[in-house]
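Participant: First the structure, then my questions, so here it is.
Number of protein chains: 2
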Amino acid sequence: MDLLAIVQTLAIECCLKKDQPVLLGLSGGPDSLSLLDMMLRCEYLVIAAHLDHKLRKESQEEAEYVRHITEEMGVPFSSGSVDVLTFARENKLSVEEAARKARYQFLFEEARRCKAQAIAVAHTADDQVETVMMHILRGSGMAGLKGMGYRSNKHEWDLKIPIVRPLLGIWRAEILLYCKERNLTPVFDQSNRDMTYFRNRLRHDLLPSLEQYNPKAKQGLWRMSRILEADEAILDGVVEKVWKDCLITQVPQSVTLDHEAIKTLPAGLLRRILRKTISVLLHGERDIGYEVIERGHEFVTNPVGNRVELFAGLNLFLVGERLVVARKEEDIPLGNWPQTQNQTAIELVIPFYYELDSGWALAGSFLSPLPPGERFDNPYQAWLDADRLKFPLVMRPMYAGERFQPLGMSGQTVKLSDYWINKKIPRLARKNWPLLFSREQVIWVPGHQPAHFCKLTEKTERVLHLQLIRP
Amino acid sequence: MDLLAIVQTLAIECCLKKDQPVLLGLSGGPDSLSLLDMMLRCEYLVIAAHLDHKLRKESQEEAEYVRHITEEMGVPFSSGSVDVLTFARENKLSVEEAARKARYQFLFEEARRCKAQAIAVAHTADDQVETVMMHILRGSGMAGLKGMGYRSNKHEWDLKIPIVRPLLGIWRAEILLYCKERNLTPVFDQSNRDMTYFRNRLRHDLLPSLEQYNPKAKQGLWRMSRILEADEAILDGVVEKVWKDCLITQVPQSVTLDHEAIKTLPAGLLRRILRKTISVLLHGERDIGYEVIERGHEFVTNPVGNRVELFAGLNLFLVGERLVVARKEEDIPLGNWPQTQNQTAIELVIPFYYELDSGWALAGSFLSPLPPGERFDNPYQAWLDADRLKFPLVMRPMYAGERFQPLGMSGQTVKLSDYWINKKIPRLARKNWPLLFSREQVIWVPGHQPAHFCKLTEKTERVLHLQLIRP
Numbered sequence: 004m005d006l007l008a009i010v011q012t013l014a015i016e017c018c019l020k021k022d023q024p025v026l027l028g029l030s031g032g033p034d035s036l037s038l039l040d041m042m043l044r045c046e047y048l049v050i051a052a053h054l055d056h057k058l059r060k061e062s063q064e065e066a067e068y069v070r071h072i073t074e075e076m077g078v079p080f081s082s083g084s085v086d087v088l089t090f091a092r093e094n095k096l097s098v099e100e101a102a103r104k105a106r107y108q109f110l111f112e113e114a115r116r117c118k119a120q121a122i123a124v125a126h127t128a129d130d131q132v133e134t135v136m137m138h139i140l141r142g143s144g145m146a147g148l149k150g151m152g153y154r155s156n157k158h159e160w161d162l163k164i165p166i167v168r169p170l171l172g173i174w175r176a177e178i179l180l181y182c183k184e185r186n187l188t189p190v191f192d193q194s195n196r197d198m199t200y201f202r203n204r205l206r207h208d209l210l211p212s213l214e215q216y217n218p219k220a221k222q223g224l225w226r227m228s229r230i231l232e233a234d235e236a237i238l239d240g241v242v243e244k245v246w247k248d249c250l251i252t253q254v255p256q257s258v259t260l261d262h263e264a265i266k267t268l269p270a271g272l273l274r275r276i277l278r279k280t281i282s283v284l285l286h287g288e289r290d291i292g293y294e295v296i297e298r299g300h301e302f303v304t305n306p307v308g309n310r311v312e313l314f315a316g317l318n319l320f321l322v323g324e325r326l327v328v329a330r331k332e333e334d335i336p337l338g339n340w341p342q343t344q345n346q347t348a349i350e351l352v353i354p355f356y357y358e359l360d361s362g363w364a365l366a367g368s369f370l371s372p373l374p375p376g377e378r379f380d381n382p383y384q385a386w387l388d389a390d391r392l393k394f395p396l397v398m399r400p401m402y403a404g405e406r407f408q409p410l411g412m413s414g415q416t417v418k419l420s421d422y423w424i425n426k427k428i429p430r431l432a433r434k435n436w437p438l439l440f441s442r443e444q445v446i447w448v449p450g451h452q453p454a455h456f457c458k459l460t461e462k463t464e465r466v467l468h469l470q471l472i473r474p
Numbered sequence: 004m005d006l007l008a009i010v011q012t013l014a015i016e017c018c019l020k021k022d023q024p025v026l027l028g029l030s031g032g033p034d035s036l037s038l039l040d041m042m043l044r045c046e047y048l049v050i051a052a053h054l055d056h057k058l059r060k061e062s063q064e065e066a067e068y069v070r071h072i073t074e075e076m077g078v079p080f081s082s083g084s085v086d087v088l089t090f091a092r093e094n095k096l097s098v099e100e101a102a103r104k105a106r107y108q109f110l111f112e113e114a115r116r117c118k119a120q121a122i123a124v125a126h127t128a129d130d131q132v133e134t135v136m137m138h139i140l141r142g143s144g145m146a147g148l149k150g151m152g153y154r155s156n157k158h159e160w161d162l163k164i165p166i167v168r169p170l171l172g173i174w175r176a177e178i179l180l181y182c183k184e185r186n187l188t189p190v191f192d193q194s195n196r197d198m199t200y201f202r203n204r205l206r207h208d209l210l211p212s213l214e215q216y217n218p219k220a221k222q223g224l225w226r227m228s229r230i231l232e233a234d235e236a237i238l239d240g241v242v243e244k245v246w247k248d249c250l251i252t253q254v255p256q257s258v259t260l261d262h263e264a265i266k267t268l269p270a271g272l273l274r275r276i277l278r279k280t281i282s283v284l285l286h287g288e289r290d291i292g293y294e295v296i297e298r299g300h301e302f303v304t305n306p307v308g309n310r311v312e313l314f315a316g317l318n319l320f321l322v323g324e325r326l327v328v329a330r331k332e333e334d335i336p337l338g339n340w341p342q343t344q345n346q347t348a349i350e351l352v353i354p355f356y357y358e359l360d361s362g363w364a365l366a367g368s369f370l371s372p373l374p375p376g377e378r379f380d381n382p383y384q385a386w387l388d389a390d391r392l393k394f395p396l397v398m399r400p401m402y403a404g405e406r407f408q409p410l411g412m413s414g415q416t417v418k419l420s421d422y423w424i425n426k427k428i429p430r431l432a433r434k435n436w437p438l439l440f441s442r443e444q445v446i447w448v449p450g451h452q453p454a455h456f457c458k459l460t461e462k463t464e465r466v467l468h469l470q471l472i473r474p
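Structural data, given as structure tokens:
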């Protein structure tokens, strides 16, 4: 095999530097042993790390053999062992998942300890094709179809140390030839034995049968993954920009987005914005099902109610003209509603412009006559008969037990606390919601309804126009 | 089957209107017969069109039966026949390709004749999955993986009339049930018989075997195609914008792009810009191989020579700081080089600024002393010993047989015609290339080299600075 290709891959695709150590996950199989040999020949500072999974009784012996090899090669070696079966049982994981978790935990801990610039693993082109084919069988989107990357981050394990895969463009057959050429004696093909039943069948049945349709099917799949990776990089850039355009606030518990901005995006972009939002709240989680995104998509374009469940406890809430992704109502930032920190009554002299929290404001002025064609169903505005009111008006949050007579409900009042529940306003937002009063009677619940008693009639001579101004 | 779903698909995905005719390709098989029945129930104006491929001896009989069905249903019918075998032989096509070409030619001619808003064809979800799987086996990029669309244009056949595929989301099994429910009697499953060997194996062997890995593999593949179609739409938008940013000129024979702008794009975008450029020159051709694009990509990022072959006779030329895609050198727009239409000599008095064609210009001034750190290897500028020259200078194209002494070639001259060949300047650009003369001796070939006899020396007291200014 041409060492020049690997020299380039290590430097350009994997971005490895020669003056900082690289931690190499060394199972002792042909792939990782070849990678170790190549990296040493290219003069990288390699530290080999081996984890004994204790899944077979020979495993300790094998770990000893791997240590012996590294000693012969003069490579720093660190080893660990974990009882994967117990680990699986305790964490309710499949054996495969447990092994994977234990391995990553070990590798990242070691990498941090020895200040490695990266963790190198020995996935080959065959592994890549198998991974892509698994995603195809699952009906994955582009993120899955592009497969693994030469250099990628696993933020759930470490924010800085990347995983590099220098052998991603080299086929297993080439690796076996390389072992022969270089006189390397792998312990055994651990990767082959550890494989799950599914991957095993894929490797030994499905992929060979695809090659009967097209002898270059595997090369084709590999190439496809590279094309899609490049396309995905372009899309990531677009999504990043559009996401910022749609974003109103981002805090650890919630992300607030502009409903109108998202609603008008092309479907593909809308889905990706939802996916990114969920991923952000779940610390980089990538495995978010298509149905989850479709549920969100449906709700954004055609909301029914004011909440839809997404995934992993996250909900998508419709709050006025905003969309909030959060676990529970209490996590929705209060800045999404008009709020006043002033518990005491404030007198408002017409005309007024009163600033509330988080960029909201209330305004009031007299109008005479009414502007023609004004629509009265806008909850952010109210038109009242000024002659039914006593001035100055007063603004304050509600007191316990206070009542209100909404427009259209003649001769009847409702408890404000029931009104809130009815309007599906979360408890936390009710306490400091600013209300407007005349003679201790509610005349407008900003963002909802005016009171019945002061509605416009044919006899109205002077109109009071109130506005709730959004941030 | 739920007619509501198809109602929505026809109106929303296929964008069909009820007041204009739709031409429906009716083989008489279950798929197209069901589609005809559905569209009639949804009250579309359908014209059925059947082409007899004359590939089997029953075909005429079948054509008669299809005519009979449409008569019974009261649908306008138009038919045609073509001897596909002869057509294939004459045009050196495979039988399958010939059948496909003949069919589209017939359908688009009929559609234009009856002013149809669209051509409806009866591809099902199964056809979609098979198409996608074929692309996967070939290692296609996204354009292939997204499969067919509900509504798409085939610009090679018609710039306006689209192809619509209302059954793209309906599985063949559902169609067969529908035929039963609605008492439809298809002639035979033509699609099944006409299938190529490859597609047949895919349908009957490969796809069922994928379902052994995941019972929902087909659904997964179908969904994947929809996701990728939406993603592709986003990318198309990005590419359209970036292409315009890179474009210098576009004429039917060539596209000229800014080399610097393309070179610095991310790989995926660079590839897509090349693909789009080739496609534009080939009237919407989409089947452009990965190797073609990779060859172009390599040349753009690391040009060797000044030309690389792309595809279908197209070449990618490096012309100064521009990239031109064209068939032959003669198709490169002359505006890519400095050109003067003035065949007579023009006297230039220092300082001068002389405008050439297409936004190019020449300028000259005296300098004393030289600006520090000036680089002398810029072919767009020349610094000469003014005391070796006679003023005013003269500008004109070359005469036949004229000679030149390039910088560094002391005591020797070359024929300008040989010089041009050496510099790989196309013949057409040589004739009107402006040259600068003093006493009928070439002192500078703008864009290339100054003459040796007037070079700067330690004794130079007065410097003449000449510039070729690009558009």
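If you read the sequences in order, they're chains X and F.
First residue of the first sequence? That's 4 in the numbering used here, and the numbers climb one at a time after it.
First residue of the second sequence? That's 4 in the numbering used here, and the numbers climb one at a time after it.
Just so you know, even glycine gets a beta-carbon here, dropped at the ideal spot from N, CA and C.
1) Closest to F:S62 by C-alpha separation, out of F:R175, F:D40 and F:G32, would be which residue?
2) I'd like to know whether the C-beta of X:Y541 is nearer than 8 Å to at least one C-beta of chain F.
3) DSSP on F:Y293, reduced to helix/strand/coil?
4) Is it the case that the region 242–251 of chain X contacts the region 148–164 of chain X, given that we only count it when at least three CB pairs across the two stretches are under 8 Å?
5) Using the C-alpha atoms, what's the distance from X:L469 back to X:V258?
6) Label F:D208 either buried or exposed according to how many other C-beta atoms from any shown protein chain fall within 10 Å of its C-beta, with 16 as the threshold for buried.
7) Could you tell me the alpha carbon to alpha carbon distance between X:A366 and X:P395, rounded to whole angstroms?
8) X:D55 to X:D34, Cα distance in whole Å?
9) By DSSP, does X:L268 sit in helix, in strand, or in coil?
10) Beta-carbon of F:D290 versus every beta-carbon of chain X: anything under 8 Å?
11) Mind checking if F:L224 is an interface residue toward chain X, Cβ cutoff 8 Å exclusive?
12) Please specify which runs of the alpha helix (DSSP H), each continuous and at least 4 residues long, are wholly inside the region 362–414 of chain F, giving them in chain order.
13) Please check if any C-beta of chain F sits within less than 8 Å of the C-beta of X:G144.
14) Output the boundary residues of the alpha helix (DSSP H) element that contains X:A114.
15) Output yes or no for whether 8 Å exceeds the beta carbon distance between F:G271 and X:A233.
16) For F:I122 and F:P79, what's the separation of their Cα atoms in angstroms?
17) Measure from the alpha carbon of F:A102 to the alpha carbon of each residue in F:D334, F:E112, F:L38 and F:L88, then state which is nearest.
18) Against X:R141, what residues of chain F qualify as contacts under a CB-to-CB distance less than 7 Å, listed in chain order?
19) Need the endpoints of the alpha helix (DSSP H) that F:I166 sits in, please.
20) CA-CA distance, X:D161 and X:R116?
21) If we cut at 8 Å on Cβ distances, does X:V132 have a partner in chain F?
22) Run through DSSP, which three-state label would F:E443 get?
23) Determine the chain F residues that contact X:I230 at a beta-carbon separation under 8 Å, and present them in chain order.
24) Return the residue from the list X:L326, X:I166, X:P400 and X:H158 that minimises the CA-CA distance to X:L13.
25) What residues from chain X crowd round F:V10, counting only those whose CB sits closer than 9 Å?
26) For a quick check, are the C-beta atoms of F:Y357 and F:M398 less than 8 Å apart?
27) At the 8 Å Cβ level, is X:L7 part of the contact set with chain F, yes or no?
28) If you compare alpha carbons, which of F:E74, F:D40, F:R330 and F:P400 is closest to F:I254?
29) Which word fits X:Q120, buried or exposed, when buried means at least 16 other C-beta atoms lie within 10 angstroms of its C-beta?
30) Determine the closest residue to X:L387 out of X:V448, X:L285, X:L213 and X:V328, with distance taken between C-alpha atoms.
31) Is the shortest distance between the beta-carbon of X:D248 and the beta-carbons of chain F less than 8 Å?
32) Output the boundary residues of the alpha helix (DSSP H) element that contains X:R154.
33) Just confirm the distance between the C-beta atoms of F:Q408 and F:A454, as a whole number of angstroms; I'd bet it's less than 8 Å.
34) Any Cβ of chain X within less than 8 Å of the Cβ of F:S194?
35) Against X:D234, what residues of chain F qualify as contacts under a CB-to-CB distance less than 7 Å, listed in chain order?
36) Starting from X:F80 and walking both ways along the beta strand (DSSP E), at which residues does that stretch end?
Facilitator: In terms of the structure at hand:
1) Of F:R175, F:D40 and F:G32, the residue nearest in Cα terms is F:G32.
2) The requested residue 541 of chain X is not part of the displayed model; chain X covers only 4 to 474.
3) DSSP places F:Y293 in helix when its eight states are reduced to three.
4) Too few Cβ pairs lie closer than 8 Å, so no.
5) The straight-line gap from Cα to Cα measures roughly 30 Å.
6) F:D208 is classed as exposed because its beta carbon has fewer than 16 other beta carbons within 10 Å across all chains shown.
7) The alpha-carbon atoms of X:A366 and X:P395 are separated by roughly 13 Å.
8) Spanning the alpha carbons of X:D55 and X:D34 requires a straight line of approximately 17 Å.
9) Three-state result, X:L268: coil.
10) For F:D290, the answer is no, since every Cβ of chain X falls outside 8 Å of its Cβ.
11) It does; some Cβ of chain X falls within 8 Å.
12) List check, alpha helix (DSSP H) in window: nothing returned.
13) Chain F contact via Cβ: present.
14) Unbroken alpha helix (DSSP H) run through X:A114: V98 to R116.
15) Contact flag set, yes.
16) Approximately 14 Å between the Cα atoms of the pair.
17) Here the closest residue by C-alpha is F:L88.
18) Residues of chain F passing the Cβ test: N217 and G223.
19) Counting along the chain, F:I166 falls outside any alpha helix (DSSP H), though it belongs to the beta strand (DSSP E) covering P165 to V167.
20) Straight-line measurement puts the Cα of X:R116 at about 13 Å from the Cα of X:D161.
21) At a cut-off of 8 Å between beta carbons, X:V132 makes no contact with chain F.
22) The DSSP-derived three-state label of F:E443 is coil.
23) Going along chain F in sequence order, the residues near X:I230 (Cβ under 8 Å) are G144, M145, G271, R274 and Y293.
24) Out of X:L326, X:I166, X:P400 and X:H158, X:I166 has the C-alpha closest to the C-alpha of X:L13.
25) From the beta-carbon of F:V10, no residue of chain X is found nearer than 9 Å; the closest lies around 17 Å away.
26) Yes, these two residues count as a Cβ contact at 8 Å.
27) It does not; no Cβ of chain F falls within 8 Å.
28) The question names Ile, but residue 254 of chain F in the sequence shown is Val. Taking only the C-alpha atoms, the option nearest F:V254 is F:R330.
29) Buried, because 16 or more other Cβ atoms sit within 10 Å of the Cβ of X:Q120.
30) Considering only alpha carbons, the answer is X:V448.
31) With 8 Å as the cut-off, X:D248 does not count as an interface residue toward chain F.
32) Run containing X:R154: none in the alpha helix (DSSP H); it sits in the beta strand (DSSP E), R154 to N156.
33) Sure, about 5 Å apart at Cβ, within 8 Å.
34) Annotation note: pLDDT 49 at F:S194 (below 50); position unreliable, no value reported.
35) Within 7 Å Cβ-Cβ: M145, L238 and G271.
36) From DSSP, the beta strand (DSSP E) with X:F80 extends over F80 to S84.
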